[in-house]
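K.L.:
Have a look at the structure that comes next, please.
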């Protein structure tokens with residue numbers, strides 16, 4: 107079984123509000139990612155919070171052990187990955203890593219990634235849209251120690267680079283896997299093409 111890890115530890119400075127709480131199709135980004143990661147092969151989930159932990163946590167209906175507070179969130183994304191790994195239950199086959207600024211992925215895409223992970227036996231599985239690698243990414247549990255030891259400046263990419271022969275690139279038509287939402291302009295273009303001020 108897998109663990110789903112959703113990273114939402116950054117300060118969302120350019121967006122101006124916590125990305126986890128942004129609205130999308132009647133729910134927040136975080137609620138949406140929690141829903142699409144509800145899968146029979148996912149036995150545990152961890153939501154990693156940092157800069158806006160109190161505001162986000164107040165909106166969640168999760169068990170306490172599903173929430174991980176990363177006190178070192180300012181060190182970057184890898185610090186949140188490492189915080190999650192230290193809080194995963196034992197004996198997981200791997201981790202489905204989701205980013206709060208890549209929310210526009212479907213349950214179908216996640217199902218396909220999980221299916222390829224188990225059928226291919228590759229240790230890293232990721233979606234590719236028009237030649238671009240995206241998210242979510244599945245890392246096998248055999249790579250956890252390397253993720254914990256990875257350098258902060260390169261993060262999880264260092265582990266992907268070190269195991270390029272063990273990466274399965276899964277083609278997808280879902281552009282959402284490569285849409286990185288950092289500010290209101292990004293969000294406007296991705297969702298509606300409307301003026302950024304109308305979205306929040």
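In this note's numbering, the protein residues as written are 107 to 306.
Where is the CB? At the ideal position from N, CA and C, for every residue including glycine.
Note that the structure is predicted; figures quoted are calculated from it, not measured.
1. Measuring only the C-alpha atoms, how far is residue 275 from residue 234?
2. Have a look at the DSSP bridge pairing and note the partners of residue 200.
3. Restricting to runs no shorter than 3 residues, where is the beta strand (DSSP E) found entirely within the stretch 216 to 289?
4. Let me check understanding here. Comparing Cα to Cα, which of 133, 153, 244 lies closest to residue 176?
5. Please state whether DSSP places residue 174 in a helix, a strand or coil.
6. Thinking just about the alpha-carbon of each residue, which of 217, 131, 108 is nearest to the one in residue 194?
7. Should residue 257 go down as buried or exposed, given a rule of 16 or more other Cβ atoms within 10 Å for buried?
8. Count the C-beta pairs between the stretch 241 to 252 and the stretch 189 to 205 that are closer than 8 angstroms, then say yes if the count reaches three, no if not.
9. DSSP on residue 299, reduced to helix/strand/coil?
10. If contacts are defined as beta-carbon pairs under 8 angstroms, then residue 189 and residue 174 qualify, I think. What distance do you get, rounded to the angstrom?
11. Where do the N-terminal and C-terminal ends of the beta strand (DSSP E) with residue 148 fall, by residue?
12. Under a Cβ-count criterion, where at least 16 other Cβ atoms within 10 Å of its own Cβ denotes burial, should residue 168 be classed as buried or exposed?
13. Could you pull out every residue in the same chain whose Cβ sits closer than 7 angstroms to the Cβ of residue 110, ignoring the five residues on either side in sequence?
14. Using a 10 Å radius around the Cβ and a threshold of 16 neighbouring Cβ atoms, would you call residue 179 buried or exposed?
15. Can you tell me where the alpha helix (DSSP H) holding residue 212 begins and where it ends?
P.N.:
The short version:
1. In this structure, the CA atom of residue 275 is about 6 angstroms from the CA atom of residue 234.
2. Paired residue(s): 108, 246.
3. Runs found: 230 to 235, 243 to 246, 273 to 277.
4. Residue 176 has its Cα closest to that of 153, out of 133, 153, 244.
5. Shown here, residue 174 sits in a strand according to DSSP, grouped into three states.
6. For the options 217, 131, 108, the alpha carbon positioned closest to that of residue 194 is the one of 108.
7. By the 10 Å Cβ count, residue 257 comes out exposed.
8. Here the stretch 241 to 252 makes contact with the stretch 189 to 205; the two share three or more CB pairs at distances below 8 angstroms.
9. Residue placement at residue 299 cannot be trusted, given a pLDDT of 47 that sits under 50; the coordinates are not used to answer.
10. Confirmed, about 5 angstroms.
11. Note, residue 148: beta strand (DSSP E), 148 to 155.
12. Exposed, because fewer than 16 other Cβ atoms sit within 10 Å of the Cβ of residue 168.
13. Within the same chain, residue 110 has close Cβ partners 143, 148, 151, 202, 204.
14. Burial call: buried.
15. DSSP places residue 212 outside any alpha helix (DSSP H), giving it a letter other than H or E.
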